[in-house]
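Remember, the numbering used here sits 10 above the position in the sequence shown when you count from 1. Notes follow the structure.
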Amino acid sequence: MPLPRPEYPRPLLERDQWLNLNGTWDFAFDPDNLGLREAWYKEGIFPQKIVVPFCVESEASGIADVNPSAVMWYGRDVNVKENWLTQRLMLRIGASDHWTRVFVNGIEVGQNRGGYVPFGFDVAYIMKPGLNRIVIRVEDSPSLSQPRGKQEGTFRWPIDYDSVSGIWQTVWLEPVPENAIEDSYAIFSSEPQKLEVTVNMTRIFNGGLRVKILDGERLVATAERAINNRIHAKINLEVEDVKRWSPASPYLYQLVLELVDTQGTVIDHARSYTGLREITCNHKEMTINGEPLYIRGVLDQGYFPGGWYTPVDDAAIKRDIELTLALGFNCVRKHQKVEDPRYLYWADRYGLLVWTEMPSGKIFSTELITTLTNEWLRVIQRDRGHPSVMAWVPFNESWGVMDQTNKPAHRSFVDGIYHLTRSLDCSRPVVGNDGWEYSSGDLWTLHIYEGDGKSVAERLAAVLDNPREKLSADGRVGAFPDTKVDSLPVLLTEVGGIGYICDGYRGESFAYGDIPTNIEEFERRVRACAADFSHTTGLSGFVWTQLTDIQQEINGVLTFNREPKLPLDTFASIFKGIDKYPNKTKPVRE
11 MPLPRPEYPR PLLERDQWLN LNGTWDFAFD PDNLGLREAW YKEGIFPQKI VVPFCVESEA
71 SGIADVNPSA VMWYGRDVNV KENWLTQRLM LRIGASDHWT RVFVNGIEVG QNRGGYVPFG
131 FDVAYIMKPG LNRIVIRVED SPSLSQPRGK QEGTFRWPID YDSVSGIWQT VWLEPVPENA
191 IEDSYAIFSS EPQKLEVTVN MTRIFNGGLR VKILDGERLV ATAERAINNR IHAKINLEVE
251 DVKRWSPASP YLYQLVLELV DTQGTVIDHA RSYTGLREIT CNHKEMTING EPLYIRGVLD
311 QGYFPGGWYT PVDDAAIKRD IELTLALGFN CVRKHQKVED PRYLYWADRY GLLVWTEMPS
371 GKIFSTELIT TLTNEWLRVI QRDRGHPSVM AWVPFNESWG VMDQTNKPAH RSFVDGIYHL
431 TRSLDCSRPV VGNDGWEYSS GDLWTLHIYE GDGKSVAERL AAVLDNPREK LSADGRVGAF
491 PDTKVDSLPV LLTEVGGIGY ICDGYRGESF AYGDIPTNIE EFERRVRACA ADFSHTTGLS
551 GFVWTQLTDI QQEINGVLTF NREPKLPLDT FASIFKGIDK YPNKTKPVRE
């Protein structure tokens, strides 16, 4: 069979030498948790086969078990070149949910907790030339203190889906120097006009950092600086005749990153890219490159036919982005999932803005604080170099911090994560808690559906007039009494949610409000809801719920198989027709 997901998995830091370990692995469930005691990492016999990098619940994995045991084991042999063992050899996993332990030739080389970010271990000291055995143990759990997003836990909310367990992003080997570039990101500013590139190394380094910027094949800027006993370095470059990145013109510059030793020899080399753009928030307005930015967004849960959490190929990613743009949206709110870096790569290329959100836990605890904090900071480090990423959102609708009003620890967690996020990245807005109960953040974001006999516009007007207005059935307010939101841009980040059951659908159905009985009523309801809030003065954007149907949720504008419920042009005319800055007479460039 063709190698699944053959493309290099880390587009912001690409190397020439690497070995893709996707494909068929040996596999075994461990329902009685016997593997560690019986040393399966040494002599384990795994009777099943699984296709990596697809979770066990997915069809593409070849397992398709929606109720897997908590513990599972993977194994495969890999042939390693002798010259790869003369330096560090990193075994990397893009994402594995949730507690992963890695063994090589019967010896444990490392562990990771968290289901959404990459991790890796140096295995050169334990591997030998020729065949080596890699064994991976993954343990998931239904704990509601585990950051799990929309995955089913110990009970299933009406908006939860089947779980995601095991490896779900690419596994690969790559040799790197003893001291290597670990990650990098670039931030552009126009006053003064410069690109600041930050590079982090694997250990303290003495030598130099060289950065080149290319416009296609043409070198447009280069800079070099000395590094003395530091593990990171920043370097500023000036670019003339800047081609700025925006949704209307998503221009990307190529970056070449080099570490140079004290004799001037290049010891590490990697390729990256960047988009030169600025996103700011001031005077109740969002701007990109100094021009007003109106968000026409759609909520996207990030589940894919066949692969579930994992697109079966790059074409599936491009198709989703192309459909999103064709529907009239310029932004996608990735909801309760940290997306595959390849999705962000194509969003960078196509000019689709991405709202990055941390999957929530549902019960406040020490486990939630430590696990979510650790993983969220790694999400930011992984993705802050993508120009398409326009906002960070660590919490949604107070999930996991449900008692902020009465328990200071809950609110302190939200405020603390907001400030930690800003400490890692000040180049884009941070939303502390999306939906309601604002306490800290650069945007005021609200979730409002039709209900209580009131239209969206009526409910929105009430909360804009009085931020202490209750927005949810359990009495959650738009903003806490001791906060000020007067100067913040306001976005309606969940609205719509109108369901429609297409021919052939069978099973449970969930949507917001009554479900239309025919396609004409569905179109009328969508048009009416969009028109209802389209002329709201001072609104900086909206996010429509949602892109696709998923299991019991039938409120997508597309079916799960990506068939539009109305013609694409019809949806585009509705969503692009929502007035941008109706209080302004000057047209805004797309």
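By construction, the Cβ of each residue, glycine as well, lies at the ideal position given by its N, Cα and C atoms.
### Task
Check whether the Cβ atoms of LEU309 and VAL553 lie closer than 8 Å to each other.
The answer is yes: Cβ separation under 8 Å.
### Task
Since I believe ALA38 is in contact with LEU95 (beta carbons under 8 Å), could you give me their beta-carbon distance rounded to a whole number of angstroms?
Separation of the CB atoms of LEU95 and ALA38 is rounded to 29 Å, and the pair is thereby denied contact status at 8 Å.
### Query
Does DSSP put ARG15 in a helix, in a strand, or in coil?
The DSSP-derived three-state label of ARG15 is coil.
### Query
Under the DSSP definition of a beta bridge, which residues are partnered with LYS244?
Looking at the DSSP assignment, LYS244 forms a beta bridge with THR208.
### Query
By Cβ distance, which residues of its chain are closer than 7 Å to ARG324, with the 5 residues on each side in sequence left out?
Looking at the sequence shown, residue 324 is not Arg but Asp. Here the set comprises GLU17, ARG352.
### Message
Excluding the 5 residues flanking SER398 on each side, which residues of the same chain have their C-beta closer than 7 Å to its C-beta?
### Response
Hits under 7 Å: LEU354, ALA357, ASP358, LEU362, LEU363, VAL364.
### Message
Along the chain, where does the alpha helix (DSSP H) containing THR272 start, and where does it finish?
### Response
According to the DSSP assignment, THR272 belongs to no alpha helix (DSSP H), since it is labelled neither H nor E.
#### Entry: Same chain only: Cβ atoms within 7 Å of PRO597, ignoring 5 sequence neighbours per side
Residue confidence for PRO597 is low, a pLDDT of 32 falling below 50, so the modelled location carries little weight; the figure read from the coordinates is stated next. Annotation for PRO597: no residue places its beta carbon closer than 7 Å to its own, counting only its chain and skipping 5 residues before and after.
#### Entry: Unbroken stretches of the beta strand (DSSP E), 3 residues or longer, contained in the segment 62 to 109
DSSP runs (the beta strand (DSSP E)) wholly in the segment 62 to 109: 81 to 90, 98 to 103.
### Query
Does PHE113 have its Cβ less than 8 Å from a Cβ in chain B?
Absent here is chain B; the protein component of the structure consists of one chain.
### Query
In terms of residue numbering, what span does the beta strand (DSSP E) encompassing CYS341 cover?
Annotation: the continuous beta strand (DSSP E) that includes CYS341 extends over 341 to 344.
#### Entry: Short Cβ contact (8 Å threshold) for LEU434 with ILE390
Here LEU434 is near ILE390, since their CB atoms are less than 8 Å apart.
### Message
Between which two residues does the alpha helix (DSSP H) holding ARG534 run?
### Response
Run containing ARG534: 529 to 544, per the alpha helix (DSSP H) assignment.
### Distance between ILE564 and ALA105 (C-alpha atoms, nearest Å)
Using only the alpha carbons, I get a separation of about 28 Å.
### Message
Can you find the residues in the same chain that come closer than 8 Å, C-beta to C-beta, to GLY548, ignoring five residues on each side of it along the sequence?
### Response
Here the set comprises LYS294, LEU474, VAL500, ASN593.
#### Entry: Closest Cα partner of TYR360 within the set SER256, PRO63, TYR313, LEU557
Among SER256, PRO63, TYR313, LEU557, the Cα nearest to that of TYR360 belongs to SER256.
### Task
State the start and end residues of the unbroken beta strand (DSSP E) segment that holds ARG123.
Boundaries of the beta strand (DSSP E) harbouring ARG123: 117 to 123, taken from the DSSP string.
### Message
Here's the rule I'm using: 16 or more other beta-carbon atoms within 10 Å means buried, otherwise exposed. How should GLU184 be labelled?
### Response
That one is buried.
### Task
Starting from PRO392, trace the alpha helix (DSSP H) both ways and give me its first and last residue.
Just to set this straight, residue 392 is Arg in the shown sequence, not Pro. In the DSSP assignment, ARG392 falls within the alpha helix (DSSP H) that extends over 376 to 393.
### Task
Using three-state DSSP, classify LEU29 as helix, strand or coil.
The answer is strand: DSSP assigns LEU29 an E or B state.
### Query
Using the rule of at least 16 other Cβ atoms within 10 Å of the residue's Cβ for burial, across every protein chain shown, is SER199 buried or exposed?
So SER199 ends up on the exposed side.
### Inter-residue Cα distance where the pair is ALA419 and LYS372
Inter-residue distance for ALA419 and LYS372 is about 15 Å (C-alpha atoms, whole angstroms).
### Query
Buried or exposed: which applies to CYS341, given that a residue is buried once 16 or more other Cβ atoms fall within 10 Å of its Cβ?
The residue in question, CYS341, is buried, as its Cβ has 16 or more Cβ neighbours within 10 Å.
### Task
For VAL276, count neighbouring C-beta atoms within 10 Å of its own C-beta (all shown protein chains included) and say buried if the count is 16 or more, exposed if not.
Flag for VAL276 reads exposed.
### Task
Take every Cβ of the segment 471 to 486, pair it with every Cβ of the segment 442 to 454, and state whether three or more of those distances are shorter than 8 Å.
Contact between the segment 471 to 486 and the segment 442 to 454 is present: three or more C-beta pairs spanning the two stretches fall below 8 Å.
### Task
Starting from the C-beta of THR297, find all residues in its chain whose C-beta is less than 6 Å away, skip the five residues before and the five after it, and write them out in chain order.
Once the five neighbours on either side are set aside, the close Cβ partners of THR297 are THR290, LEU303.
### Task
Would you check if there are 3 or more beta carbon pairs closer than 8 Å linking the segment 330 to 339 to the segment 187 to 198?
Pairwise C-beta distances place the segment 330 to 339 out of contact with the segment 187 to 198, as fewer than three of them are shorter than 8 Å.
### Task
For TRP167, count neighbouring Cβ atoms within 10 angstroms of its own Cβ and tell me buried if that reaches 16, exposed if not.
Exposed.
#### Entry: Sufficient close CB pairs (3 or more, under 8 Å) joining the segment 516 to 534 to the segment 453 to 465
Output reads yes: the segment 453 to 465 touches the segment 516 to 534.
### Message
Per the DSSP calculation, VAL174 is bridged to which residue(s)?
### Response
Beta-bridge pairing links VAL174 to no other residue.
### Task
State the Cα-Cα distance for the pair LYS244 and TYR283, rounded to the nearest angstrom.
CA-to-CA, the gap between LYS244 and TYR283 works out to about 16 Å.
### Query
First and last residue of the alpha helix (DSSP H) that includes ILE584?
ILE584 -> alpha helix (DSSP H) spans 578 to 586.
#### Entry: Contiguous alpha helix (DSSP H) assignments of at least 4 residues, all confined to the segment 272 to 308
Those alpha helix (DSSP H) runs which fall completely within the segment 272 to 308 and span 4+ residues do not exist here.
### Query
Buried or exposed: where does CYS65 fall if 16 or more other Cβ atoms within 10 Å of its Cβ makes it buried?
By the neighbour-count rule (16 or more Cβ atoms within 10 Å), CYS65 is buried.
### Query
Sorted by chain position, which residues of the same chain lie with C-beta nearer than 6 Å to SER68's C-beta, five sequence neighbours on each side aside?
Within the same chain, SER68 has close Cβ partners GLY317, TRP318.
#### Entry: Within 8 Å, strictly: CB atoms of GLU149 and TRP109
Yes, these two residues count as a Cβ contact at 8 Å.
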